[in-house]
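K.L.:
Please read through the structure below; I'll follow up with questions.
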Amino acid sequence: MLETLSVMGQGFISALSPINLLMMIGGTALGIMIGCLPGLSAAMGVALMLPLTFTMSADTGLIVLGAIYCGAIFGGSISAILIHTPGTPASAATAIEGYQMTLNGQAGKALFTACYSSFWGGLLSCISLYFFAPLLAQLTLKFQSAEYFWLSIFGLTIIAGVSSKSIVKGLMSGALGLLLSTIGLDPVSGTKRFMLSSYFAEGINTTCALIGLFSMSQVFILAEAKIKERAKAAKVTDKMSLTREERRLIRPTILRSWIIGNLIGILPGAGASIACFLGYNTSRQFSKHKEQYGHGSIEGVAGSEAANNAVTGGSLIPTLTLGIPGESVTAVLMGGLIIQGLSPGPQLFNAQNAPMTYTFFAGFVLVQFFMLGIGLLGCRGFAQISRLSDAILIPVVTVLCFVGSYAIHKNIMDIIVMLSFGIIGYLMRRFDLNTAAVVLALILGPIGEKGLRNALRISQGDPRILFSSAVSWVLIVLCILGILSPILMNRLEKKAEKDAKENVPADSEIE
Amino acid sequence: MKKAVTFLLAMCMMLALAACGGGSSSQQEADGPFAPNGPVTMIVAYKAGNGTDNTARILAKYAEKYIGQTIVIDNVDGGSGSMGWSKLADSKADGMTIGFINLPNFNSSIVKELGTYKTDSFAPICNHVTETSIVVVRADETRFTTLEELVAYGKANDGKLIASTNGAQASNHIGAQAFANSAGFKYIDVPKGNTSEELTSLLGKEADFCVVKVADISAMAESVKVLGVFAKERLAEMPDVPTLGELGYYEDWLGSSRCICAPAGVSDEVIAFYEEAFKKTMEDPEYLEAAASFATDYKNAADTAALIEQQQAFTEGLASGFWY
């Protein structure tokens, strides 16, 4: 335990190196910009910037990605507040109260509240990252072939969560991903499968597929829409601060949203967009000023923003300790780990990798402070990005997609793969299929295949090996919950949204 | 303001483009004894930060003094190494591009036909690093504590012992196969894809034994026990561990080698120049201090060529009916 604490402490010292600090500032600022831009998600931001981290050391690279993640989740609130356009789905609930505050001429106060709550939500989420993650990491050696098989099945249940609109379409997307994941050399016997050339020996490059499916398809979608002027952000005139009473008012809201956000974050398949609605709805239920809801409540903004940023730390736990990305952002982050040559999962906490992992954690803590600082300094400026026309955005994102995929191997094939996936992604999104499910299946498919085939090799074909350990059974139960919880969550989210809308006029009448 | 933001985004694009930099220049060579007249490109077929990349960068740093030019490491990964080796084979044979080939993975890639190159597509310069394979079990293993007991147990429980490997037909699978074949027992191989998972499998009591390289267990002195080494003579760092040959099993050296090669067709002057430069580098005390963590093993061009051919014949032998 003492040893772990000292590694944690050293993590802070390493995180404070000039290059890391510089990357935190840059990453956070970039994340906020990306989050602020409607249509550019946190996942896209992380995927787009991923290639730039290849040349960095593992911890610095992870800190940049973490900074972009946190920044983007907060950044989404800026456009949500100013022009009622959530920059990311995670800020959907923020738009309800935030935009009302802007209409009341309190845009500055709303932005401050969002920034302040995001800071606390993110900072508190680091507590669970620090103290629950190592616990899970103790399981390292319990995970063998059979357990890895169940782990990947559990990961695949996220598809049910990310495709709440249509489970069938989600499963179709997942099946496509699994099929694509079989390309390359067979992991058990070394046989060539669907290989057109030796380029595909290691399978489809996940990063290329990711950039194509997430970013390039977005360019196509933007390009398809008519290039038009967006609504202008209102001029920010009021003071960007909260009084002491207002801070005291939102304190309990932030604490509740932290717990909600963290739990949702740990649950794979849930995510920030659900957390913000739950955080918002809980803040309303507990509020003493229900009459303000629907007319610009700082508690509503705080509840939503603290919850979605609390998800960040929570969602890293299954990614880093189990190697299971809970949502699309952490799926990209996991891709980043693999590219750095680190196998995500319990190995990250062994003696060799723990210093790097804790440097990343410390960086994650420090990033929250930079997010607060940059958020407060730059809110007025950030909002300007939302006013850019697509005519400027399209070429910038296109260049980043091409450069990003080429930078992986300096191989033109990577660009071809990226573009192919861009077209696939575009078509999938046009038909409401789920691109995140493809990426999940592409990452988890080989893990599951290797686990199942190796387990059956060991037992010489006896399937009982799959049900022979306690860990396997825990994972089987989690699989079942993983399938059921998003359906339940989806209902809760819809109910919360419905309640939030319905109760506003009702409340004002009662008062 | 809007212009400023657009400018910022443009800067992002520039930054991304700048990250693609690092090209190499190839220039005409003059007559007479060869000396590179520009930066030398050194291809590593694995990504930056990989074991081969790390040792290559240390070598490159100290070799610059003897080569007289900057050495640029070019990581060309993918295709289980075949992308990099294909690029090296296709490079201009002007002495400005050299690279590492990794035995026996390189030989496996030829057997699996992952590239169009063969061993004669390369002109060997020298060997850089050699890692010897070893047979390991858990330190707390009670069923067998010596290699002979392991073999006896394997024979008594034919086809029951489990060995994790670092991948199908990868170096440690070749080792396990050579050991079991020569000792005359059957086992189940469990390909894990990489050495750390291979060792996790052993420690997690899924596998009963496995074959790894000496450097892989440097931080595991208390959790694993070495039963035998794949060498002709006992290793200096583990004098108590017998060789497999001593006990009557596989008697040749087995492990992995990182050889430096040029594309076939380079002049003898080029080979002689680099052979001499790397020999001096690998004898440089400053280099030896920096390279203390791995086993530098200089071999001249002729010996390296023989090693590559011997490993090729061995791997092809394995492929024909040796696997299952």
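Chain order of the listed sequences is A and B. Under the working numbering, think of the first position of the first sequence as 1, with each following residue one higher. Under the working numbering, think of the first position of the second sequence as 1001, with each following residue one higher. Every residue, glycine too, gets a C-beta built ideally from N, C-alpha and C.
Going along chain B in order, which residues have a C-beta closer than 8 Å to the C-beta of A/P187?
P.N.:
G1167, A1168, P1191 and G1193
K.L.:
To the nearest angstrom, how far is the alpha carbon of A/S472 from that of A/Y148?
P.N.:
9 Å
K.L.:
Measuring CB atoms only, is the segment 8-16 of chain A touching the segment 357-375 of chain A, in the sense that at least three cross pairs come out at less than 8 Å?
P.N.:
yes
K.L.:
Whose CA, out of A/I25, A/A43, A/A58 and A/L2, lies closest to the CA of A/T312?
P.N.:
A/A43
K.L.:
Taking only beta carbons into account, state which residues of the segment 199-211 of chain A come closer than 7 Å to chain B, listed in chain order.
P.N.:
Residues passing the 7 Å Cβ filter: Y199, A201 and E202.
K.L.:
Listed from N- to C-terminal order along the chain, which residues in the segment 1137-1151 of chain B have their beta-carbon within a distance smaller than 7 Å of any beta-carbon of chain A?
P.N.:
Under the 7 Å Cβ criterion, the segment 1137-1151 of chain B contributes no residue.
K.L.:
By Cβ distance, which residues of its chain are closer than 7 Å to A/L22, with the 5 residues on each side in sequence left out?
P.N.:
none
K.L.:
Can you name, in chain order, every residue of its own chain whose Cβ lies under 7 Å from the Cβ of B/E1286, other than the five neighbours on each side?
P.N.:
Y1062
K.L.:
Below 6 Å CB to CB, which residues in the same chain sit around B/T1119 once its five sequence neighbours on both sides are set aside?
P.N.:
I1308 and Q1312
K.L.:
Quick one: what does DSSP say B/K1087 is sitting in, helix, strand or coil?
P.N.:
helix
K.L.:
I'd like the list of long-range same chain contacts for B/G1167, defined as Cβ closer than 8 Å, with 5 residues on each side in sequence excluded.
P.N.:
H1173, P1191, K1192, G1193 and N1194
K.L.:
Using only the alpha-carbon positions, how far apart do A/T60 and A/L30 sit?
P.N.:
15 Å
K.L.:
For B/R1258 and B/V1226, I'd like the C-alpha separation in whole angstroms.
P.N.:
23 Å
K.L.:
For A/I476 and A/W150, what's the separation of their Cα atoms in angstroms?
P.N.:
7 Å
K.L.:
According to the Cβ coordinates, are A/S118 and A/I250 closer than 9 Å?
P.N.:
no
K.L.:
Using a C-beta to C-beta distance shorter than 9 Å, which residues of chain A count as neighbours of B/K1225?
P.N.:
Within chain A, no residue comes near B/K1225; the closest Cβ sits about 17 Å away, beyond 9 Å.
K.L.:
My output table needs one value for B/N1102: the three-state DSSP class, helix, strand or coil.
P.N.:
strand
K.L.:
Throw me the rounded Cβ distance for the A/T243 and A/I260 pair, which I believe falls under 8 Å.
P.N.:
That belief does not hold up - the Cβ atoms of A/T243 and A/I260 are roughly 26 Å apart, past 8 Å.
K.L.:
Please return the same chain residues whose Cβ sits closer than 8 Å to the Cβ of B/Y1298, not counting the five positions on each side in sequence.
P.N.:
C1126, N1127, H1128, F1278, K1279, M1282 and E1283
K.L.:
Would a check of beta-carbon distances place B/E1198 closer than 9 Å to chain A?
P.N.:
no
K.L.:
Answer with yes or no whether the minimum CB distance from B/S1026 to chain A is below 9 Å.
P.N.:
Per-residue confidence for B/S1026 stands at a pLDDT of 41, beneath the threshold of 50, marking its modelled position as unreliable; the derived number appears in the next sentence. By this cut-off, B/S1026 is not an interface position.
K.L.:
Between the segment 1266-1273 of chain B and the segment 1075-1088 of chain B, do at least 3 Cβ pairs fall closer than 8 Å?
P.N.:
Counting C-beta pairs closer than 8 Å gives fewer than three between the segment 1266-1273 of chain B and the segment 1075-1088 of chain B, which falls short of the contact rule.
K.L.:
Can you pull the chain B residues whose beta carbon is under 7 Å from the beta carbon of A/R512, in chain order?
P.N.:
What is shown of chain A runs 1 to 511, which leaves residue 512 of chain A out entirely.
K.L.:
Whose CA, out of A/L456, A/K501 and A/G121, lies closest to the CA of B/E1206?
P.N.:
A/L456
K.L.:
Check B/N1127 in the structure and name its three-state DSSP category.
P.N.:
strand
K.L.:
List the DSSP bridge partners of B/P1263.
P.N.:
B/F1122
K.L.:
Could you have a look at B/V1241 and say whether DSSP puts it in helix, strand or coil?
P.N.:
coil
K.L.:
Taking the alpha-carbon positions, what's the A/N205 to A/S197 distance?
P.N.:
14 Å
K.L.:
What separation, rounded to the nearest whole angstrom, lies between the Cα atoms of A/G448 and A/S152?
P.N.:
5 Å
K.L.:
Starting from the N-terminal side, write out each stretch of the alpha helix (DSSP H) that is 4 residues or longer and does not extend beyond the segment 253-315 of chain A.
P.N.:
List check, alpha helix (DSSP H) in window: 272-286.
K.L.:
Note down the Cα distance separating A/L453 from A/V188, rounded to an integer number of angstroms.
P.N.:
It should be noted that the sequence gives Arg, not Leu, for residue 453 of chain A. Between A/R453 and A/V188, the C-alpha separation is close to 7 Å.
K.L.:
Quick check on B/V1076 - is its C-beta less than 9 Å from some C-beta in chain A?
P.N.:
At least one beta carbon of chain A lies nearer than 9 Å to the beta carbon of B/V1076.
K.L.:
Which chain A residues are close to B/K1112, counting only those with a beta carbon under 9 Å from its beta carbon?
P.N.:
Simply L185, G190, K192, S198 and A201.
K.L.:
What are the residues in the segment 439-452 of chain A lying within 9 Å of chain B by C-beta distance?
P.N.:
P446 and K450
K.L.:
Under DSSP, the beta strand (DSSP E) around B/N1075 begins and ends at which residues?
P.N.:
I1071 to N1075
K.L.:
Please state whether DSSP places A/K192 in a helix, a strand or coil.
P.N.:
Of the three classes helix, strand and coil, the one that applies to A/K192 here is strand, per DSSP.
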